[in-house]
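S.K.:
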Amino acid sequence: MTSTKERLKREQQFHDLRYSDDRQRQQKVGKFYSITHSITQAYEQKILASSQNARVIEYGCGKGSYAFKIAKHQAKLVTGIDISPVAIAIAQKQAITENLGQNLQFQLMNAEHLSFADNSYDLICGSGILHHLDITTATRSITRVLTPTGKAIFIEPLGHNFLINLYRRLTPEIRSVDEHPLLAKDLAAIQRNFKIANIHYFYLTSLIASLIAGKPGFNILLRCCQLIDAVLLKLPVIKKQAWMVLIELEQPLK
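Its first residue numbered 1324, the sequence shown is counted upward by one per residue in our numbering.
(1) If you run the structure through DSSP and keep just helix, strand and coil, what is E1502?
(2) So, is P1471 buried or exposed, given that buried needs 16 or more other C-beta atoms within 10 angstroms?
(3) Does DSSP put S1373 in a helix, in a strand, or in coil?
(4) Quick test of your reading: A1414 and C1384, contact by CB under 8 Å. State the CB separation rounded to the nearest angstrom.
(5) Counting only the same chain and skipping the five closest in sequence on each side, list residues whose C-beta sits under 7 Å from that of Q1574.
(6) Could you name the residues of the same chain whose beta carbon sits closer than 7 Å to that of A1412, not counting the 5 residues immediately before and after it, in chain order?
(7) Which term fits G1540, buried or exposed, when burial requires 16 or more other beta carbons within 10 angstroms of its beta carbon?
(8) Given S1343, which residues of its chain have a CB within under 7 Å of its CB, disregarding the five upstream and five downstream residues?
(9) Rounded to whole angstroms, what is the Cα-Cα separation between V1500 and I1465?
(10) Nearest by alpha-carbon distance to H1396: which of Q1335, Q1336, V1379 is it?
(11) Looking only at C-alpha atoms, which of D1552, V1568, R1515, G1353 sits nearest to P1504?
(12) Return the CA-CA distance between T1494 and V1352, expressed in angstroms with no decimal places.
(13) For M1324, which residues of its own chain have a beta-carbon under 7 Å away from its beta-carbon, when the five flanking residues on both sides are left out?
(14) Taking the alpha helix (DSSP H) that F1525 belongs to, which residues open and close that run?
(15) Leaving out five residues on either side along the sequence, give the residues of the same chain with a beta carbon under 7 Å from the beta carbon of E1421.
(16) Would you mind listing the beta strand (DSSP E) stretches within the segment 1445-1508 that are 3+ residues and don't spill past its ends, in chain order?
(17) If you reduce the DSSP assignment to three classes, tell me which class P1559 lands in.
(18) May I ask you to verify whether the segment 1521-1537 touches the segment 1331-1338, counting CB pairs closer than 8 Å and requiring at least 3?
(19) Using the beta-carbon count (16 or more within 10 Å), is I1360 buried or exposed?
(20) Given a threshold of 16 other Cβ atoms within 10 Å of its Cβ, counted over all protein chains shown, does E1381 qualify as buried or as exposed?
(21) So who's on the other strand from I1570, going by DSSP bridges?
(22) Under DSSP, the beta strand (DSSP E) around Q1397 begins and ends at which residues?
(23) Just checking, does the segment 1479-1497 make contact with the segment 1417-1431 on the three C-beta pairs under 8 Å criterion?
(24) If we ignore side chains and look at the alpha-carbon of each, how far apart do S1388 and D1441 end up?
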């Protein structure tokens, strides 16, 4: 239990610092995220399509939160949660600025142990959150809180690619010591808890394009690499080498 508390404390401190000043991280990884429009667009389309007249939880609600778009998209209720008080403060300030509040709220909460009632939400979503959590505990909490017909949608990094992992080891200063990009066994553990589960794989050769982000030829190279990825990432042996996955889950097994 002590180790869990220590881990959560480290995560809180890491995200407080990140939300307070993210310049160092952006300088290191901003070019890589320049290629991620396709996954973020797919993610946004899916969560907005599933949020109309729905009760929604968003994991992680600091800078870049989708909670505001969801709230404007006719959701019945949107609850953004985060382990970081700094993130909560940022989100609450933005909600006031945008005059949102009727169907939008933010709560300081550990995503591994949701404090909501059983079967109380229709959609749970988040980007880059699950790999900071204990997968078994977090998944159990998700399935408990979702309605029997509920959905969960996440973007997460994968942890199989040697070159990507090498870069991660070389840049520890921009990472939490406890984060763990998902492995095939983690995806399998998550999928076992849902009747319907689909995993979409993104970015392998596309990472090459990030090397010329913002320069002439970037869009052409990225498009060519995406066409190659569309073929390669359908192959079982290759797909787990991808950088990211879009996880779609439906009908939790209770």
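C-beta atoms are modelled at their ideal positions from N, C-alpha and C, and glycine is treated no differently.
M.R.: In this structure, then:
(1) Taking the sequence shown and counting its residues from 1, the one referred to as residue 1502 is at position 179. E1502 falls in the coil class under three-state DSSP.
(2) Indexing the sequence shown from 1 puts residue 1471 at position 148. Exposed.
(3) The count along the sequence shown starts at 1 and reaches residue 1373 at position 50. Coil.
(4) Within the sequence shown, the letter at position 91 stands for residue 1414. Within the sequence shown, the letter at position 61 stands for residue 1384. Indeed they touch by this definition, with Cβ atoms about 4 Å apart.
(5) Taking the first residue of the sequence shown as position 1, residue 1574 is located at position 251. Closer than 7 Å at Cβ, skipping near neighbours: P1471, T1472, F1517, K1518, I1519.
(6) The residue given as residue 1412 occupies position 89 in the sequence shown. Cβ neighbours of A1412 beyond the five flanking positions: none.
(7) For the purposes of this step, residue 1540 is taken as the residue at position 217 of the sequence shown. Burial call: exposed.
(8) Against the sequence shown, residue 1343 aligns to sequence position 20. If we look at S1343 and ignore the five residues flanking it on each side, its Cβ neighbours are V1409.
(9) Locating residue 1500 in the sequence shown gives position 177, where the first residue counts as 1. Locating residue 1465 in the sequence shown gives position 142, where the first residue counts as 1. Their backbone Cα atoms lie some 24 Å apart in a straight line.
(10) Walking along the sequence shown from the start, residue 1396 turns up at place 73. Of the candidates Q1335, Q1336, V1379, the one whose C-alpha sits nearest the C-alpha of H1396 is V1379.
(11) Indexing the sequence shown from 1 puts residue 1504 at position 181. The shortest Cα separation from P1504 among D1552, V1568, R1515, G1353 belongs to V1568.
(12) On the sequence shown, position 171 is the one that residue 1494 refers to. On the sequence shown, position 29 is the one that residue 1352 refers to. Distance between the alpha carbons of T1494 and V1352 is about 10 Å.
(13) In the sequence shown, counting from the first residue as 1, residue 1324 sits at position 1. Here M1324 scores only 44 on pLDDT, less than 50, and its place in the model is too uncertain to base an answer on.
(14) As a working note, residue 1525 is residue 202 in the sequence shown. Careful: F1525 lies outside any alpha helix (DSSP H), inside the beta strand (DSSP E) at 1517-1525.
(15) Along the sequence shown, one-based indexing puts residue 1421 at 98. Excluding residues within five positions, the ones whose Cβ falls inside 7 Å are F1391.
(16) 1469-1480
(17) Your numbering for residue 1559 matches position 236 in the sequence shown. The answer is helix: DSSP assigns P1559 an H, G or I state.
(18) no
(19) For the purposes of this step, residue 1360 is taken as the residue at position 37 of the sequence shown. It should be pointed out that residue 1360 corresponds to His in this sequence rather than to Ile. Exposed: under 16 other Cβ atoms inside 10 Å.
(20) Your numbering for residue 1381 matches position 58 in the sequence shown. When all chains shown are included, E1381 counts as buried.
(21) Residue mapping note: residue 1570 aligns to position 247 of the sequence shown, counting from 1. Answer by DSSP bridge pairing, in chain order: F1477, I1522.
(22) To locate residue 1397, count along the sequence shown from 1; it is residue 74. Per DSSP, Q1397 belongs to no beta strand (DSSP E) and is neither H nor E.
(23) no
(24) Working through the sequence shown from its first residue, we reach residue 1388 at position 65. Working through the sequence shown from its first residue, we reach residue 1441 at position 118. For S1388 and D1441, the distance between alpha carbons rounds to 25 Å.
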